[in-house]
Amino acid sequence: MAKLSPMMLLPVAVFAGFAGLAGWALMRDDPNSVPSALIAREAPAVGVTTLPGKTQLTDEMLRQPGVKLVNFWASWCPPCRAEHPTLTELAKTMPVYGVDLKDPEGAALGFLSEHGDPFHALATDPRGRIAIDWGVTAPPETFIIDGQGRILYRHAGPLVREDYTTRFLPELEKARAAAE
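Be aware that the sequence shown starts at 65, since it is given in my numbering, and climbs by one per residue.
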């Protein structure tokens, strides 16, 4: 009878591990969501630069009373263009702050001039350092922030269609209800 080498079991063990991980991912409540380690923690710093003629977003603004949004965006990002009308509507009822990510200044200003500026204040992130601190994987990403400057929810992707109505809006309503 031949001896079974432990090395022969390694591929089986690796496959079982991957299968278990995939099964866990599929059984989560929302397999498309990207969890954030920052939920319930104070929002990271937003930097000290903005676009010419725009109000500088500050860390203090994130700690002001009430629910607010922080949106990471860029002029070169097609999904950011798709969600822009949604941000414009939201800005009519609450503070929406923007962080312009890895964008040439002229392109960002041109985008806001052409499509409108929904942002109450802006920060720029030309090298992507702020985005890394916030855990942003790619724009657009929107964070719901409470009155103490804590992150309540992170939405990866554009605020459009069913994703907006079934995932984002319920979280925003929950945050608004808790703030009352």
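Where is the CB? At the ideal position from N, CA and C, for every residue including glycine.
- Task: Identify, in the order they occur along the chain, each residue of the same chain with its Cβ nearer than 6 Å to the Cβ of residue 139, setting aside the five sequence neighbours on each side.
- Result: 167, 171, 172, 175
- Task: Alpha carbon to alpha carbon, how far is residue 220 from residue 202? Give it in angstroms, no decimals.
- Result: 8 Å
- Message: Helix, strand or coil, according to DSSP, for residue 170 in the structure here?
- Response: helix
- Query: Can you tell which of 154, 177, 191 has its C-alpha closest to the C-alpha of residue 208?
  - Reply: 154
- Message: Any contact between the region 214-228 and the region 183-195? By contact I mean 3 or more CB pairs, one from each, below 8 Å.
- Response: no
- Message: Per DSSP, what are the beta-bridge partners of residue 227 in this structure?
- Response: Answer by DSSP bridge pairing: none, since residue 227 is not bridged.
- Which stretch, first to last residue, makes up the beta strand (DSSP E) that contains residue 132? 132-137
- Starting from the Cα of residue 187, find the closest Cα among 156, 101, 231, 160 and give me that residue. 160
- Query: Under the DSSP definition of a beta bridge, which residues are partnered with residue 209?
  - Reply: 132, 215
- Message: Which residue wins for smallest C-alpha separation from residue 108, given the options 243, 157, 122?
- Response: 122
- Going by beta carbon distance, what residues of the same chain come within less than 6 Å of residue 179, once the five residues before and after it are set aside? 148
- Query: Taking C-alpha atoms, which residue in 225, 243, 199 lies nearest to residue 103?
  - Reply: 199
- Residue from 69, 141, 101, 126 with nearest C-alpha to residue 196: 101
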